[in-house]
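K.L.:
Residue numbers (the working numbering): 41 to 316. Each residue gets a CB set at the ideal place from its N, CA and C atoms; glycine is no exception. Please see the structure below; I have some questions.
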Amino acid sequence: MSNTYQIFLISDSTGETLDRIFLSLKAQFQNIEYKVNSYSFTRTENQVLKILDIAKKEKNSIILYTIVDNNLAKFLANKSDEKKIPCFGVLGSLILSFSKLFNQKASHEPSGQHVLNEEYYDRIEAIQYTMNHDDGNLLNDIEKSDIILLGVSRTSKTPTSIYLANKGFKTANIPLVNQKSIPDILKKEPQNFCVIGLTTEAERLVDIRKNRMNSLKETKSQDYTDLEKIKKEVQDAKELFKKYSWPSIDVTRKSVEETAASIIKIHDIYISKQNG
């Protein structure tokens with residue numbers, strides 16, 4: 041364990057931003073052992089000193105921080121330097137660069153991204169809407185959706201919908217069993233809604249469904265995991281998307297984040313056409 045790096049993530053807020061940044065950073069360096077020590081809501085010099093005392097006692101300590109208070113950030117950097125602990129501010133230079141670019145002073149307010157503004161409440165509303173319209177529920181007001189996802193069972197509709205909701209998109213998802221699964225309003229006015237189909241390789245779908253059934257100890261009909269049946273399901277879904285000229289995304293080798301990014305691009309194009 042002597043070669044394990046002790047990573048101290050110090051934030052003046054929840055630490056969520058720092059966690060994500062380190063996750064991306066860690067992915068760039070293989071075969072290195074890390075132990076992460078997270079400290080959120082660090083807003084006093086006394087808190088900083090206590091953390092540094094702990095870091096000094098460990099071997100291979102490295103500090104990453106997101107602290108927007110200039111004085112506290114300088115205090116942390118100086119004290120780390122005194123103790124000879126590598127210390128890196130993640131947002132400092134970026135905030136300074138943007139301040140110069142915008143010709144405006146930054147607020148340097150901890151948790152500034154969580155201010156309860158209109159955007160925040162819109163996101164909460166989107167999450168509530170999406171949870172209520174999961175798995176084909178409450179289709180009577182489907183027209184209020186920003187995005188409607190269609191797909192056969194286990195094509196990541198729910199996690200993708202929730203991810204989109206956290207981005208502020210009211211998202212409904214509908215499982216495709218047959219054409220009757222689709223609300224009449226979508227079939228009558230297929231281009232008046234941002235409808236996107238999700239599809240995947242049949243072989244991959246077999247594995248996912250089997251794992252799902254095993255984890256929940258379910259005993260569904262064998263058709264649910266039959267390869268030939270699933271191939272037909274997937275093909276029927278593709279033909280349905282083509283019939284109504286709905287764009288589709290193959291999620292086979294995509295993460296939820298990648299799928300969502302593609303969906304947002306399609307939504308942007310849809311909105312542009314609507315406004316054009």
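(1) Taking the straight line between their C-alpha atoms, what separation do you get for Lys313 and Ala67?
(2) According to DSSP, is Asn185 helix, strand or coil?
(3) Given the structure, does Ala113 come close to the ligand SAM, in the sense that its CB is under 7 Å from one of the ligand's heavy atoms?
(4) Taking just the CA atoms, how far does Phe209 sit from Phe115?
(5) Let me confirm a value: Asp181 is counted as buried when at least 16 other C-beta atoms fall within 10 Å, else exposed. Which label applies?
(6) If Ala300 and Tyr203 are in contact, beta carbons under 8 Å, what's the gap, nearest whole angstrom?
(7) Expressed to the nearest angstrom, what Euclidean distance is found between the alpha-carbon atoms of Phe48 and Ile103?
(8) For Asp263 and Val274, I'd like the C-alpha separation in whole angstroms.
(9) Which ranges would you report for the alpha helix (DSSP H) in the region 251 to 300 if only whole runs of at least 4 residues count?
(10) Below 8 Å on the Cβ atoms is my guess for Asn213 versus Lys228; work out the distance and round it to an integer in Å.
(11) Do you know how far the Cα of Val235 is from the Cα of Ile225?
P.N.:
A quick look at the data gives this:
(1) Taking the straight line joining both Cα atoms gives about 38 Å.
(2) Here the sequence assigns Ser to residue 185, which means Asn is not the residue at that position. Coil.
(3) You won't find the ligand SAM in this model; it holds no ligand whatsoever.
(4) Cα to Cα, Phe115 sits roughly 41 Å from Phe209.
(5) Its Cβ having fewer than 16 others within 10 Å, Asp181 is exposed.
(6) Contact between Ala300 and Tyr203 holds: their C-beta atoms lie close to 5 Å from each other, under 8 Å.
(7) Rounded to whole angstroms, Phe48 to Ile103 spans 5 Å at the Cα level.
(8) Their backbone Cα atoms lie some 13 Å apart in a straight line.
(9) Entirely contained in the region 251 to 300, the alpha helix (DSSP H) runs reaching 4 residues are, in chain order, 267 to 283.
(10) So it is not a contact: roughly 20 Å between Cβ atoms.
(11) Between Ile225 and Val235, the C-alpha separation is close to 12 Å.
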